[in-house]
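Residue numbers for the sequence shown follow our numbering, beginning at 3 and rising by one. A short write-up of the structure that comes next.
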Amino acid sequence: VCAYKDGEVIIDTAAGVLGRYDPRPVQPDTLFSVFSATKGITAGMLHWLVDNGKLKLDENVANIWPEFRGNGKEHIKVHHILNHTSGLHNALADLRGEDAFLMTEWDACLKLIEASQPETEPGKQQLYHYLSFGWLCGGIVEHASGKKFQEILEEALIRPLKIEGELYVGIPPGVEARLANLTLDTDDLKKLSEMRNRAEMPSTFQLNNISEFAEYLPVFFNMLNVRRAIVPAANGHCSARALARYYAALADCGVVPPPHSSASNPPLGSHPHIPKFPSKKTDEKQKGKVDGGLKNERSDGRQNVYIRIEEDDDNDEEKCSKSSRDTSKGASHENKKGKIFSNPRVHEAFMGVGEYENMCLRDGVFGLGFRRLKSKDGDGSYSGFGHSGMGGSTGFCDVKNRFAMAVTLNKLSFGGVTAKIVELICSELNLPLPEGLSGSGDINRPLIN
3 VCAYKDGEVI IDTAAGVLGR YDPRPVQPDT LFSVFSATKG ITAGMLHWLV DNGKLKLDEN
63 VANIWPEFRG NGKEHIKVHH ILNHTSGLHN ALADLRGEDA FLMTEWDACL KLIEASQPET
123 EPGKQQLYHY LSFGWLCGGI VEHASGKKFQ EILEEALIRP LKIEGELYVG IPPGVEARLA
183 NLTLDTDDLK KLSEMRNRAE MPSTFQLNNI SEFAEYLPVF FNMLNVRRAI VPAANGHCSA
243 RALARYYAAL ADCGVVPPPH SSASNPPLGS HPHIPKFPSK KTDEKQKGKV DGGLKNERSD
303 GRQNVYIRIE EDDDNDEEKC SKSSRDTSKG ASHENKKGKI FSNPRVHEAF MGVGEYENMC
363 LRDGVFGLGF RRLKSKDGDG SYSGFGHSGM GGSTGFCDVK NRFAMAVTLN KLSFGGVTAK
423 IVELICSELN LPLPEGLSGS GDINRPLIN
């Protein structure tokens with residue numbers, strides 16, 4: 003659990019063990035599989051491209067990604083993808099079943115997205131894009147930037163936030179010892195099958211369907227070849243302090259918080275982001291160099307390539323104050339030292355309000371890539387945003403109170419544990435409780451998105 007208030011770390015703690023069969027204690031740098039909390043990271047990458055003039059929210063996806071055109075997708079815009087209103091909510095839904103391992107094949111999944119057909123008219127109905135969201139956004143990221151998905155993840159978020167080694171979408175070799183192993187709360191699983199359906203979920207992702215495949219989720223997502231895959235909707239691995247730092251920056255319109263001041267060890271960002279490899283004589287199948295980067299052979303004969311990206315020259319101690327924000331549109335990363343966004347209304351973009359209101363369904367759960375949050379006892383307006391994942395891991399921020407928090411779990415409990423933690427911390431800090439994250443133990447509204 004990690005939390006920020008007014009840009010400063012106020013909570014950074016860890017408890018429990020790495021897994022049912024791994025009694026080592028969880029550490030501050032332990033990497034957790036956070037499932038759909040990954041979507042909040044992926045959405046931030048698209049907003050970063052918009053902020054840097056590489057992408058427009060009202061642009062047709064087919065103009066950016068020519069192969070996407072066809073099968074009724076010509077009028078799908080970037081904001082439809084982020085708002086879960088593209089009509090492609092069930093695209094690649096069959097990957098949960100007999101062909102689950104196909105989701106580890108990045109290029110193949112992008113090809114399937116290109117061949118998909120929307121089930122509803124774009125912009126008319128908000129239905130959660132539980133898997134397709136990641137490849138839709140991933141394809142946009144790569145085509146808009148001309149770079150690989152993970153290169154943009156590095157450039158936009160990891161290096162500016164100084165969270166090297168503690169946030170990945172597709173883990174590299176060398177971090178396995180820090181992985182938390184997933185387990186499942188079987189009592190929650192039994193309750194899932196008895197729950198009512200939810201209107202904002204597509205037919206293939208209703209709660210009774212979830213109960214059918216939830217049992218195999220820990221086994222599947224504990225596999226190293228799955229952990230190494232790029233699945234931007236569901237396969238992020240991070241520490242709580244890295245995820246909380248991300249949302250702390252978002253809470254302050256992109257201003258990067260001061261260096262993580264926790265006394266916990268090792269310090270945040272101290273891990274080598276690309277692990278060093280032994281000599282080629284040890285295991286030629288997994289080690290080697292290619293074009294200045296690093297590679298590892300996969301069981302199918304293909305290669306994952308990890309590009310070594312040069313360190314940023316920004317001073318670790320530098321932090322932009324609110325008064326010195328550069329609000330020019332399209333400013334490059336180099337011109338925004340201490341910030342990851344320059345748009346002074348970026349909060350409105352995340353939540354889909356203000357000038358971005360027409361890009362979202364009026365009363366929809368989601369804004370532009372994030373779940374919109376209201377204070378439980380507030381005036382009904384949106385006070386923040388975030389994203390939760392299957393099993394309870396979550397990251398969010400309260401913009402009005404400059405508060406950000408992340409909880410990462412390896413025992414999938416469908417939200418009850420997370421809600422209790424959020425309630426306790428908000429109560430102790432006298433902060434309003436986010437409506438979407440309240441109700442500890444309310445199994446009828448599990449945190450699955």
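A virtual CB, placed ideally from N, CA and C, is assigned to each residue, including glycine. Everything numeric in this text was worked out from a predicted model, so none of it was measured.
### Task
Using the Cα positions of Y132 and F151, report the straight-line distance between them to the nearest angstrom.
If you take the alpha carbons of Y132 and F151, they lie about 19 angstroms apart.
### Query
Just checking, does the stretch 153 to 166 make contact with the stretch 357 to 365 on the three C-beta pairs under 8 angstroms criterion?
Taking 8 angstroms as the limit for Cβ pairs, the verdict is that the stretch 357 to 365 does not touch the stretch 153 to 166.
### Task
Measure the C-alpha to C-alpha separation of G55 and P162 and round it to an integer number of angstroms.
If I take the Cα positions, the gap works out to 18 angstroms.
### Query
Between S385 and P434, which are expected to be in contact by the criterion C-beta below 8 angstroms, what is the C-beta distance as a whole number of angstroms?
Correct: roughly 7 angstroms between the Cβ atoms.
### Cutoff 8 angstroms; reference T185; Cβ partners in own chain excluding five residues on either side
For T185, where only same-chain residues beyond five positions count, the Cβ hits under 8 angstroms are G21, R22, P220, N412, K413, L414.
### Query
Between N65 and C139, what straight-line distance do the alpha-carbon atoms span, to the nearest angstrom?
The alpha-carbon atoms of N65 and C139 are separated by roughly 14 angstroms.
### Query
How far does the beta strand (DSSP E) with Y39 in it reach, from first residue to last?
The displayed chain sequence assigns Ala, not Tyr, to residue 39. Annotation: A39 is outside any beta strand (DSSP E) and is labelled neither H nor E by DSSP.
### Message
So for E10, helix, strand or coil by DSSP?
### Response
DSSP places E10 in strand when its eight states are reduced to three.
#### Entry: Beta-carbon separation (whole angstroms), L112 vs W137, contact threshold 8 angstroms
Contact holds; Cβ gap of about 6 angstroms.
#### Entry: Local Cβ density within 10 Å of D14, reported as buried at 16 or more and exposed below that
Around the CB of D14, 16 or more other CB atoms lie within 10 Å, so the residue is classed as buried.
### Query
Are S266 and P30 close, meaning C-beta to C-beta below 8 angstroms?
In contact: S266 and P30 (Cβ atoms closer than 8 angstroms).
### Message
Would P120 and L94 qualify as a contact pair, given that the criterion is a beta-carbon distance under 8 angstroms?
### Response
No, the Cβ-Cβ distance between P120 and L94 is not below 8 angstroms.
### Task
Take every Cβ of the stretch 402 to 412, pair it with every Cβ of the stretch 29 to 44, and state whether three or more of those distances are shorter than 8 angstroms.
Contact holds: three or more Cβ-Cβ distances are below 8 angstroms.
### Task
Note down, in chain order, each residue of its chain lying with its Cβ closer than 7 angstroms to the Cβ of I154, except the 5 sequence neighbours on either side.
The answer, listed in chain order, is M47, V143, S147.
### Task
Alpha carbon to alpha carbon, how far is E69 from N62? Give it in angstroms, no decimals.
One alpha carbon belongs to N62, the other to E69, and they sit about 12 angstroms apart.
### Query
Would you call M353 buried or exposed, if buried means 16 or more other Cβ atoms sit within 10 Å of its Cβ?
The residue in question, M353, is buried, as its Cβ has 16 or more Cβ neighbours within 10 Å.
### Query
For R247, does the three-state DSSP call read helix, strand or coil?
Look at R247 here: in three-state DSSP terms it is helix.
### Task
Pull up the distance between the alpha-carbon of V348 and that of C255, whole angstroms please.
Distance from the CA of V348 to the CA of C255, rounded to the nearest whole angstrom, comes to 6 angstroms.
### Query
When the distance is taken between beta carbons, is G391 closer than 8 angstroms to F372?
Taking 8 angstroms as the Cβ cut-off, F372 and G391 do not qualify as a contacting pair.
### Cβ neighbour criterion (16 or more within 10 Å) applied to Y218
So Y218 counts as exposed.
### Query
Given a threshold of 16 other Cβ atoms within 10 Å of its Cβ, counted over all protein chains shown, does P234 qualify as buried or as exposed?
P234 comes out buried.
### Task
Tell me A93's beta-bridge partners as DSSP assigns them.
Its beta-bridge partners do not exist; DSSP assigns none.
### Query
Per DSSP, what kind of secondary structure is H239 in: helix, strand or coil?
In this structure, H239 counts as strand in the three-state DSSP scheme.
### Message
Taking its Cβ as the centre, do 16 or more other Cβ atoms sit within 10 Å of S377, making it buried, or is it exposed?
### Response
S377 should be labelled buried.
### Query
To the nearest angstrom, how far is it from the Cα of K41 to the Cα of A244?
Computed Cα separation, rounded: 15 angstroms.
#### Entry: DSSP state of C362 mapped onto helix, strand, coil
Under the three-state reduction of DSSP, C362 is assigned to coil, being neither helix nor strand.
### Query
Helix, strand or coil: how does DSSP classify K378 here?
K378 carries a coil assignment under DSSP once its states are collapsed to helix, strand and coil.
### From P269, S134, Y6, residue whose alpha carbon lies closest to that of D96
The option with the nearest alpha carbon to D96 is S134.
### Message
I need the straight-line Cα distance from R71 to H77, nearest angstrom please.
### Response
Rounded to the nearest whole angstrom, the CA to CA distance from R71 to H77 is 9 angstroms.
### Query
Once you ignore the five residues that flank G18 on each side, which residues in its own chain have a CB closer than 6 angstroms to its CB?
Annotation for G18: V28 place their beta carbon closer than 6 angstroms to its own, counting only its chain and skipping 5 residues before and after.
### Task
Within the same chain, show all residues whose beta-carbon is closer than 8 angstroms to that of A250, passing over the 5 residues directly before and after it, in chain order.
So the list reads Y6, G9, P259, C399, A406, once near-sequence residues are dropped.
### C-alpha gap between G340 and K164, whole angstroms
Looking at the backbone, the Cα of G340 and that of K164 are separated by about 11 angstroms.
### Task
Determine the burial state of A179: buried for a count of at least 16 other Cβ atoms within 10 Å of its Cβ, exposed for fewer.
Result: exposed.
### Query
Just to confirm, are H81 and M361 a CB contact at a threshold of 8 angstroms?
Yes, they are a contact pair.
### Query
Name the DSSP bridge partner or partners of H389?
Looking at the DSSP output, H389 bridges to G397.
### Task
Mark K287 as exposed unless 16 or more other C-beta atoms lie within 10 angstroms of its C-beta, in which case mark it buried.
With a pLDDT of only 35 at K287, under the threshold of 50, the placement of this residue in the model should not be trusted, and no figure is reported.
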